[in-house]
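Below you'll find the structure, written out as structure tokens, and then a few comments.
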Amino acid sequence: MRRVRTWHRDIWGHALAALAVGLAGHGAVAEPVGPKLPPELRRLLQQEMVAIRAASHDILDALIEGDSRIVAERAQAIHDSFIMQRSLSEADKRVLEETLPASFVALDRRFHETAAEVAAAARAGERGAQHAGFRRLLETCSSCHAAFAGARFPGFEAE
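Those letters in the sequence shown? Residues 1 to 159, by my numbering.
Structure representation (structure tokens):
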């Protein structure tokens, strides 16, 4: 039991370190993305974020429990939720392309690509790669939130 608790503490330590690393070098805060989007696209983006949060919690639990099957499923679900890949109308795609800053799109794309890497590592049973990939996912989340959602996450505004 002590070994599990120590490992659990270590993963949370890595998660907190990832937040710190993700924030390093992110002094400038961009304007929030959400308010610029039409209501329907904003709702889709919010739904994506809620689903990603739930899947991330599941991945953390699965990493702690050594359940690579769940890690693969949830990481793949995160990858597949990429808003830019959804079956949007051409008009909606144009609005996203015109509204979202290139740096936001780059972070979002990197995040979803990393999720695919975590899923592949889980399918291959590569625990170290699963953990490293999940750390990168957290870094990308915190970097994006610091840059584009500081008002929603006020802890980032203090940085």
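Cβ coordinates follow ideal geometry from the N, Cα and C atoms, glycine included.
Inset, instruction - Give the single residue among Ile-78, Arg-42 and Arg-43 whose Cα lies nearest to the Cα of Asp-58. - result: Ile-78
Legend entry - Cutoff 7 Å; reference Phe-134; Cβ partners in own chain excluding five residues on either side: Ile-59, Leu-63 and Val-118
Legend entry - Close Cβ partners of Leu-137 (< 6 Å) along its chain, the five nearest in sequence each way excluded: Thr-114
Legend entry - Other residues of its chain near Leu-37: CB distance less than 7 Å, five sequence neighbours each side excluded: Leu-45 and Thr-99
Legend entry - Arg-53 burial status per 10 Å Cβ neighbour count (16 or more: buried): exposed
Legend entry - Endpoints, alpha helix (DSSP H) assigned at Leu-41: 39 to 65
Legend entry - Residues near Val-33 in its chain [Cβ-Cβ closer than 8 Å; skip 5 each side]: Leu-45, Thr-99, Leu-100, Pro-101, Phe-104, Phe-148 and Ala-149
Legend entry - Terminal residues of the alpha helix (DSSP H) in which Ser-142 lies: 127 to 148
Inset, instruction - Identify whether Arg-74 lies in helix, strand or coil by the three-state DSSP scheme. - result: helix
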